[in-house]
Amino acid sequence: MSSRKRPPLEQQVDRLRAIESLGDLSERQRKVLKFGTGLVALLLVYTFIYQVGMARLEGRPRSFPHSLQIIVQTMTTTGFGGDAPWETAPMNLLMTWYQITGVVIGFVTLRILIIPLFERAPVVLDERLTTKRGHVVVCEYGRGKDVLLDELEASDAEYVLVDSDEEEAIALSNRDYQAIDGDPTETATLERASVGDAAFVVTDAHDRNASVTLTARQLNDDARAVCLTETETRREALERVGADRVVCPPRLVGERLAEKAAFAVGQSDESAELGGDVVVRELPVRRGGPLDGTRVGDTPVAADPDLSVVAAWVDGDLHLPPRPDERLPSNGTLVVIGPESAFESLYDALGGTTRPAVPERVVVVGLGEAGRAAVDALPDRVAVTTVDVRDDAGADIVGDATERSTLVDAGLGSDESTALLVAVNDDDTTLLTVAMARAMDDDTEVLARVADAENVRKAFDAGADYALSEQSTTARTLAAEIHGDPDLHPVGEVRFVRLDGDSFAGRALGEVTRDWEAGVAAVGVRRDGALLVDDGVQVDADDEVVLVGTDERLRGLGSDVVTE
Numbered sequence: 001m002s003s004r005k006r007p008p009l010e011q012q013v014d015r016l017r018a019i020e021s022l023g024d025l026s027e028r029q030r031k032v033l034k035f036g037t038g039l040v041a042l043l044l045v046y047t048f049i050y051q052v053g054m055a056r057l058e059g060r061p062r063s064f065p066h067s068l069q070i071i072v073q074t075m076t077t078t079g080f081g082g083d084a085p086w087e088t089a090p091m092n093l094l095m096t097w098y099q100i101t102g103v104v105i106g107f108v109t110l111r112i113l114i115i116p117l118f119e120r121a122p123v124v125l126d127e128r129l130t131t132k133r134g135h136v137v138v139c140e141y142g143r144g145k146d147v148l149l150d151e152l153e154a155s156d157a158e159y160v161l162v163d164s165d166e167e168e169a170i171a172l173s174n175r176d177y178q179a180i181d182g183d184p185t186e187t188a189t190l191e192r193a194s195v196g197d198a199a200f201v202v203t204d205a206h207d208r209n210a211s212v213t214l215t216a217r218q219l220n221d222d223a224r225a226v227c228l229t230e231t232e233t234r235r236e237a238l239e240r241v242g243a244d245r246v247v248c249p250p251r252l253v254g255e256r257l258a259e260k261a262a263f264a265v266g267q268s269d270e271s272a273e274l275g276g277d278v279v280v281r282e283l284p285v286r287r288g289g290p291l292d293g294t295r296v297g298d299t300p301v302a303a304d305p306d307l308s309v310v311a312a313w314v315d316g317d318l319h320l321p322p323r324p325d326e327r328l329p330s331n332g333t334l335v336v337i338g339p340e341s342a343f344e345s346l347y348d349a350l351g352g353t354t355r356p357a358v359p360e361r362v363v364v365v366g367l368g369e370a371g372r373a374a375v376d377a378l379p380d381r382v383a384v385t386t387v388d389v390r391d392d393a394g395a396d397i398v399g400d401a402t403e404r405s406t407l408v409d410a411g412l413g414s415d416e417s418t419a420l421l422v423a424v425n426d427d428d429t430t431l432l433t434v435a436m437a438r439a440m441d442d443d444t445e446v447l448a449r450v451a452d453a454e455n456v457r458k459a460f461d462a463g464a465d466y467a468l469s470e471q472s473t474t475a476r477t478l479a480a481e482i483h484g485d486p487d488l489h490p491v492g493e494v495r496f497v498r499l500d501g502d503s504f505a506g507r508a509l510g511e512v513t514r515d516w517e518a519g520v521a522a523v524g525v526r527r528d529g530a531l532l533v534d535d536g537v538q539v540d541a542d543d544e545v546v547l548v549g550t551d552e553r554l555r556g557l558g559s560d561v562v563t564e
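Sequential numbering of the sequence shown, starting at 1, is according to UniProt numbering.
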């Protein structure tokens, strides 16, 4: 079997060869035949009339072939040959009529013959592909194709998208994406995508994931295979058939939301670790607010010597520490440490932003894959209440979270500060739940999972403090995997720890900060019960250097240098 589609011309020739009688003609072929026959007949009639007119009216007899040539030239508006001009009025009117007829026939020919020919001609998407080597073959991706492809193009990753839906593949190709149609479980299709020269194969084919992975392995055993699945229960099976990594997008989003919620819950505990009156605060970046689109280094926080930006949440990713030139999007959050008194003036500088409440527990709505992942990822010290509409989900509260009574039963609106993590599968339900929670309590921190990237803004408009799109999160995860970037955002608790200062004596805090890899940052020097955060502070041997990082990164430093 050929690995490429046959060209359209060859396919049309084969169809014509298969015609044995007029009864084998299609409706379109009959229409073209009638049009061609009529056109030939009209040319012959016009030629005869012209020949008679030239002989009798102009007195210049012409042969039939010469007359036919003049008619064709006139009707195609290419000229009149040597017969122009004509002396008699009837002949001039006749030639004018021939010209008008030619223009009309030209439009009819376009409509009946030319345009349908291009519209119906099979599109060979393979011919639009550029030469590939070391690229990514993406099969049956169903989580916002344009979101993933834009992410790959932004990172200069070569790719070919394989989609079994021909219309979808053509639409993507027409938008200049590298896409072909075909069944990725078939060897011929993956050969068309040059999988033999690929570095990665990404498959999101649901029940056909195993088949696609096995087919790819037959053609290229060196390519790294990444499978996307809706449930963790298939991880072992997919790894068995050759998947190098299995990603469950709902679980990924649930874990990221839990990471964010756990940090908020733990702020009061970390403040005690920092000492003095130093506290940890989160500053949400509101759409259209003073922080929206601002570089981290240009924020009022960076200008205050008593405050320090230790981390930033951007589209679900924990940037620790954030780059000074990094712009803050409307769904971002700054994590800042400093004395309580400094925050009061900061809130005034930000247009009256109020201090966010530190939640004492988390309510998780929806116990699907994302919700259960969030519950599993929350640390044991966090109090959790679960809500689900299903009786058999094992939730603490059974009910519809879009109803006020259900949220009241879960503890929203009570004196106890609560964070709400909405992890349901339906975006419409998510938006309504967020709006209901915000209507009940302005102080509740609301975190939302949405499937469609376009609904992130809607979630913020509904009242969410933080929202993650499954499409965007998955696309960024795959892009990081393809580029071999380290996992800078492991799920786990963000903690502050102290290191003895004798290893850094005589050095400025800013120099110490640059020593650490991504995921860990030096945020201050603890001296005589106070925390100094200015980068110019010199570290003394008796000081303690305070680090912030995730559990995984901090454990990697070694227990011998960490003091609690």
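No residue lacks a Cβ here, since even glycine has one placed at the ideal position from N, Cα and C.
Please read these numbers as outputs of a predicted model, since none were measured by experiment.
query, result
"Neighbourhood of residue 186 by C-beta, 8 Å cutoff - its chain only, sequence neighbours within 5 removed", "215"
"Three-state class that DSSP yields for residue 563 in the structure shown", "With a pLDDT of 41 at residue 563, under the threshold of 50, the predicted position of this residue should be treated as unreliable, though the coordinate-derived value follows. Residue 563 falls in the strand class under three-state DSSP."
"Touching by the beta-carbon criterion (3+ pairs, under 8 Å), the segment 278 to 289 and the segment 456 to 469", "yes"
"Contacting residues, own chain, Cβ-Cβ under 7 Å from residue 91 (five flanking each side not counted)", "53, 57, 58"
"Three-state secondary structure (DSSP) of residue 325", "coil"
"Rounded separation between residue 152 and residue 299 - CA only", "30 Å"
"Contact under 8 Å by Cβ, residue 448 with residue 473", "no"
"Cβ pair count under 8 Å reaching 3, the segment 435 to 443 against the segment 207 to 227", "no"
"Span separating the alpha-carbon of residue 441 from that of residue 404", "11 Å"
"Residue 179, buried or exposed, once every other Cβ within 10 Å from all chains shown has been counted against 16", "buried"
"C-alpha gap between residue 294 and residue 350, whole angstroms", "12 Å"
"Contiguous beta strand (DSSP E) assignments of at least 3 residues, all confined to the segment 367 to 414", "383 to 388"
"Residue 308 - containing beta strand (DSSP E), residue span", "308 to 314"
"Distance CB(residue 238)-CB(residue 229) smaller than 8 Å", "yes"
"Closest residue to residue 380 among 261, 43, 500 (Cα-Cα distance)", "261"
"Residues near residue 193 in its chain [Cβ-Cβ closer than 7 Å; skip 5 each side]", "137, 160, 162, 180"
"C-beta atoms of residue 365 and residue 422 nearer than 8 Å", "yes"
"With 16 other Cβ atoms within 10 Å as the buried cut-off, status of residue 461", "exposed"
"Where residue 325 falls, given that 16 or more other Cβ within 10 Å makes a residue buried", "exposed"
"Validate contact between the segment 27 to 40 and the segment 71 to 80 using beta carbons, cut 8 Å, 3 pairs", "no"
"Cβ separation of residue 569 and residue 549, assumed to be a contact under 8 Å, to the nearest whole Å", "Since the first and last residues shown for the chain are 1 and 564, residue 569 lies out of range."
"Delimiting residues of the alpha helix (DSSP H) encompassing residue 188", "187 to 192"
"Residue from 51, 445, 507 with nearest C-alpha to residue 258", "445"
"Close beta carbons around residue 71, own chain, < 8 Å, minus the five adjacent residues each side", "43, 46, 47, 50, 98"
"Three-state class that DSSP yields for residue 319 in the structure shown", "strand"
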